[in-house]
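The structure appears right after this line, and notes come after that.
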Ligand code: FAD
């Protein structure tokens, strides 16, 4: 029998190392078509969006994706291949090329997100109806979430500890090194586009691309190497001890965007950490260790995969029903970094400029928006993160918003981050705030976290008049946090006591 033409459809998994879909596509194939489809829905500028980018993604993440594609193309070219770029609705494009390129084998990495599941199931059906073999291996996560759910009796484990107990050790990464990949075949008259720049996509304000983190497998592996070279740091890593205000050298690896796009294999990352542990006298343990962070990732993937409506409050069985308030002005102040609390506003500015912030910084602003101060729905905060983060990840983002809003996983709603003292503890001089909010750069450190307390003479000297150059606090934290605790207590009581009452009824009682 003639060897089949194979197509590897890249979506995430933008790498050559440890890429089972690529290996399945390569093996025994005559021609190999490595394809990425540019989806205008995801990429086209949306002038009505609140910050530069498309309706789905901020400009930093789009730039990160383009850089990752350039790097993948360059990696493929070194192996005698290249990345084929086409534009359009992925389902339509795939349907056409499967036929036109006489594909016999279609390979793509398994994706757990509901949007992707829906799309992938449709393409699988189309392919199979034409007699095309389809392979969709798991390699975006350490484990196969479906297997974990099956081992747990058909339900996702809902605590980290039970997840870890069931999961065991992940499969080893593939250690193949290629010299050559099969050539791409006849593209049947399709125009092979080059990878567009951000300008080509129609973005004009490209000076808005401020993120210091650049996409691609090469960058990911360099960053990983730098991390691993510091064996002592890896062995002693304890997440809660990191400094969220460290921005010149962040306190964690900043490998999340590379994991998000699959420029870095989580299994390879896991193996590398494990190897460091083998040479260390002592090392930290999950949940706080570096290896434990990767398990958190898989935990949220598994729960997200096995929980209907995981990304919503309503219809989500593991989410407490809470009557969040409609406070559009306060929400906008939070989103735009204008709450009047410099710690919160600096973090939201870092999000907009860099698309990345430390985990505890994310804690601070998520708590502030929801059950800490503003009592705004976690779904609204989730949407802002989803669009702006360069590591924006459906399962992890939703999981953490559920956590931080005390809607699921974590229920100690009385433990609220102070928007004043939490940042001060790490950065008493306010260097982080001054960097991201230059309007406060001359404010003396005594007032940097509470500039509204500065006497007018000091505000004048600092060229920052509160209420004119920088806003007054949007709420009084002491009062607002007290109110939030009371509301959460009432919501929790109803969630416990009135199981028989419908969601809408419950909400009415609390409004
Ligand atoms: P490191 O501490 O170096 O950890 C290594 C890797 O472990 C990370 O790259 C990440 O893949 C994983 N990881 C670390 N912490 C977590 C966690 N709490 N949950 C799941 N996986 C974790 N992370 C995302 O990747 N995408 C998101 O969209 C996202 N949204 C978040 C929203 C909120 C409200 C909060 C509180 C956290 C969110 N996180 C998200 C989790 C976490 O903040 C980031 O993964 C982490 O800060 C990334 O930085 P790092 O790579 O330096 O992490």
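Residue numbers (full-length UniProt numbering): 1 to 511.
Heads up, the beta-carbon is just placed ideally off N, CA and C, and yes, glycines get one too.
Going by Cα to Cα distance, which pick from the options is closest to residue i?
i           : options            : result
residue 436 : 347, 478, 394      : 347
residue 393 : 300, 474, 247      : 300
residue 235 : 401, 279, 211      : 279
residue 356 : 247, 262, 268      : 247
residue 106 : 113, 61, 157, 31   : 31
residue 194 : 176, 67, 288, 319  : 67
residue 197 : 129, 253, 85       : 85
residue 136 : 462, 23, 399, 471  : 23
residue 9   : 34, 382, 51, 386   : 34
residue 177 : 18, 146, 143, 151  : 18
residue 271 : 254, 295, 261      : 295
residue 472 : 142, 479, 451      : 451
residue 175 : 269, 114, 419, 228 : 269
residue 315 : 165, 407, 457, 111 : 407
residue 565 : 438, 458, 496      : A question about residue 565 goes unanswered here, because the residues of the chain that appear run from 1 up to 511.
residue 287 : 482, 164, 358, 354 : 164
residue 25  : 133, 158, 463, 415 : 133
residue 167 : 153, 62, 179, 147  : 147
residue 326 : 381, 150, 20, 311  : 381
residue 349 : 336, 154, 245, 422 : 336
residue 93  : 109, 115, 126      : 126
residue 56  : 64, 486, 44        : 44
residue 371 : 273, 329, 469, 488 : 488
At a cut-off of 7 Å, would you count residue i as near ligand 1, judging by its Cβ distance to the nearest heavy atom?
i           : result
residue 300 : yes
residue 223 : no
residue 244 : no
residue 288 : no
residue 256 : yes
residue 520 : Here the chain covers residues 1 to 511 and nothing more, so residue 520 does not appear.
residue 250 : yes
residue 260 : yes
residue 412 : no
residue 400 : yes
residue 462 : no
residue 518 : Since the first and last residues shown for the chain are 1 and 511, residue 518 lies out of range.
residue 296 : yes
residue 293 : yes
residue 116 : no
residue 311 : no
residue 7   : no
residue 515 : The structure shown has nothing for residue 515, since the chain only spans 1 to 511.
residue 283 : no
Would you kindly check if the distance between the Cβ of residue j and the Cβ of residue i is under 8 Å?
i           : j           : result
residue 426 : residue 243 : yes
residue 75  : residue 217 : yes
residue 170 : residue 82  : no
residue 322 : residue 307 : no
residue 103 : residue 7   : yes
residue 363 : residue 432 : no
residue 445 : residue 429 : yes
residue 373 : residue 209 : no
residue 334 : residue 375 : no
residue 378 : residue 401 : yes
residue 351 : residue 389 : yes
residue 396 : residue 365 : no
DSSP three-state label for residue i, please.
i           : result
residue 466 : strand
residue 59  : helix
residue 476 : coil
residue 500 : Confidence is the limiting factor: at residue 500 the pLDDT is only 47, short of 50, which leaves the residue's position unreliable and the question unanswerable from this model.
residue 124 : helix
residue 19  : coil
residue 369 : helix
residue 5   : strand
residue 272 : helix
residue 50  : coil
residue 176 : coil
residue 484 : helix
residue 85  : strand
residue 390 : coil
Spatial neighbours of residue i within its chain, please: C-beta separation below 6 Å, excluding the five flanking residues on both sides.
i           : result
residue 14  : 68, 72, 261, 262, 263
residue 391 : 256, 257, 260
residue 200 : none
residue 302 : 145, 148, 156
residue 160 : 287, 299
Here's a check: name, in chain order, each residue in its chain whose Cβ is nearer than 7 Å to the Cβ of residue i, leaving out the five neighbours to either side.
i           : result
residue 293 : 239
residue 250 : 358
Excluding sequence positions up to five away, which residues of its chain have a Cβ less than 8 Å from the Cβ of residue i?
i           : result
residue 550 : Shown here, the chain extends from 1 to 511; a query on residue 550 therefore has no answer.
residue 111 : 11, 12, 117, 120, 140
residue 477 : 341, 373, 418, 419, 420
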